[in-house]
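Using the UniProt record's numbering, the first residue of the sequence shown is number 1, and each one after it goes up by one. One structure below.
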Amino acid sequence: MGRRRSEAITLADVARRAGCSVATASKALNARDQVAEATRQRVLDAAAELSFHPNALARGLISGRTRAIGLLTDELGGRFSIPILLGAENALGNERMSVLLCDARGDDARRRHYVTTLLARQVDGFIVVGDNNDLRPALPRNLPVPVVYAYGESGHPDDVSVIADDEGGARLAADHLISLGRRRIAHITGPRGYRAARDRAAGLRAVLAEHDLPLAGGEPWYGEWSQRWGRLAAHRLLAAHPGLDAIFCGNDQIAAGVAQTLRERGRRIPDDVALVGYDNWTEFAADCRPPLTTVDLNLEELGATAVRHLFAAIEGHPSRGVLREPCRLVVRDSTVPGPEPAGRRPG
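Put into structure tokens, the structure is as follows:
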């Protein structure tokens, strides 16, 4: 029979079984560096044999840490939030940290409530996940724990914010199109008020300028983040500039709409017009006809990077300023055609 609650296994029992001091057993179980590997293994074996489960609250009181992190988001079900949260949760889980997730839904009162509640739970720090790359109000400066902002830049310059490198991602797309011999490249994107739209346009124009190439259409075509806008803008753009040979779109939804218009007007993709999107949203990119070359934001890695900076801050080595996570180009048939399917013959 197992012990009664009053006779629960203690750290002293583990130390006695492993033949070491209580302090050494504690260091071994907490993965501290000051313990010889053979001793650590004896302690772990003893803990397993005795089914010892250290009391998390007691460990927190002793160390001053609870090994719990508060994750605050404004859009829990959002397409951008979920991969960031997955990346952060994986990184935290690898370090055996607990995650307390709260969705403020863009409401300041809810956010203040969650901050107060999580502080009462004695979290070791906060990661604040934005719903876009734009500036956002910072949490109060008097918080007793560090804060890292992910996919949303804090309005305070002393905070650390990890955001996607949208300008760098656009440069990848532009370099790719130019490497394929495209010289008349247009840009259809979302609302001018979004920093992501402005940064992506800036990245494209910078690369075109380096190659002494004009932007086809004269200026970026700002509009909506929608297929409808992609269809409409492509009709207008092709009517005004029929000689263009590539279109870089501000997101995959726009690109899917552009692809539809190109097909309707008899323009072959990529033979006549190469097409690049942004975000690598599978619903639009992989299912587009043809599959869409696009820029992936690496959002899971962005979340993991935010965790690494939070850990460093907890250890007394905080960062500050804006850190831009590199994007990557995913090449598909809309710029570089793949092999013909088996059994298919040229028409």
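Even for Gly, the Cβ is constructed at its ideal location relative to N, Cα and C.
Taken in chain order, the complete alpha helix (DSSP H) segments of 4 or more residues contained in the segment 202–240 are 227–240. As for any beta strand (DSSP E) of minimum length 3 sitting wholly inside the segment 293–338, the runs are 294–296, 321–325, 328–330, ordered along the chain. For residue 99, the secondary structure class from DSSP, reduced to helix, strand or coil, is strand. Residue 129 sits away from residue 114, with the two beta carbons spaced by 8 Å or more. Cβ contact annotation for residue 83 (same chain, cutoff 6 Å, sequence separation greater than five): 299, 300, in chain order.
Where residue 126 is concerned, the enclosing beta strand (DSSP E) starts and stops at 125–129.
The residue from 223, 177, 216 with its alpha-carbon nearest to that of residue 239 is 216.
The beta carbon of residue 313 is closer than 6 Å to those of 146 in its chain, skipping five residues each way along the sequence. By the Cβ neighbour-count rule, residue 323 is buried, with 16 or more other Cβ atoms within 10 Å of its own.
By the criterion of at least three beta-carbon pairs nearer than 8 Å, the segment 199–219 is not in contact with the segment 255–270. Sequence-distant Cβ neighbours of residue 199 in its own chain, meaning closer than 6 Å and more than five residues away, are 166, 167. Each residue's CA atom was taken as its position, placing residue 177 and residue 246 some 7 Å apart.
Exposure of residue 179 is indicated by the presence of fewer than 16 other C-beta atoms within 10 angstroms of its C-beta. Contact check for residue 237 against residue 188 passes: the beta carbons are separated by less than 8 Å. Annotation: the continuous beta strand (DSSP E) that includes residue 73 extends over 68–73. DSSP places residue 50 within a helical segment (H, G or I) once states are collapsed to three. In the structure shown, residue 246 falls within a strand segment according to DSSP collapsed to helix, strand and coil.
Among the bridge pairs identified by DSSP, residue 275 is matched with 247. Counting every other CB atom within 10 Å of its CB across the protein chains shown gives residue 51 a total below 16, marking it as exposed.
In this structure residue 335 is in contact with residue 276, their Cβ atoms being roughly 6 Å apart against a cut-off of 8 Å.
Counting along the chain, residue 269 sits inside no beta strand (DSSP E), nor does DSSP assign it H or E at all. In terms of CA proximity to residue 104, 72 leads the group 72, 254, 331. Nearest Cα to residue 47 within the set 289, 36, 19: 19. Per the DSSP secondary-structure output, residue 136 pairs in a beta bridge with 154. By the neighbour-count criterion, in which a residue is buried when 16 or more other Cβ atoms sit within 10 angstroms of its Cβ, residue 28 is buried.
Its chain contains 74, 75, 131 as the residues whose beta carbon lies nearer than 8 Å to that of residue 106, once the 5 sequence neighbours on both sides are disregarded; these appear in chain order. The shortest CA-to-CA distance from residue 95 to any of 101, 67, 34, 326 is the one to 67. In the structure shown, the three-state DSSP call for residue 10 is coil.
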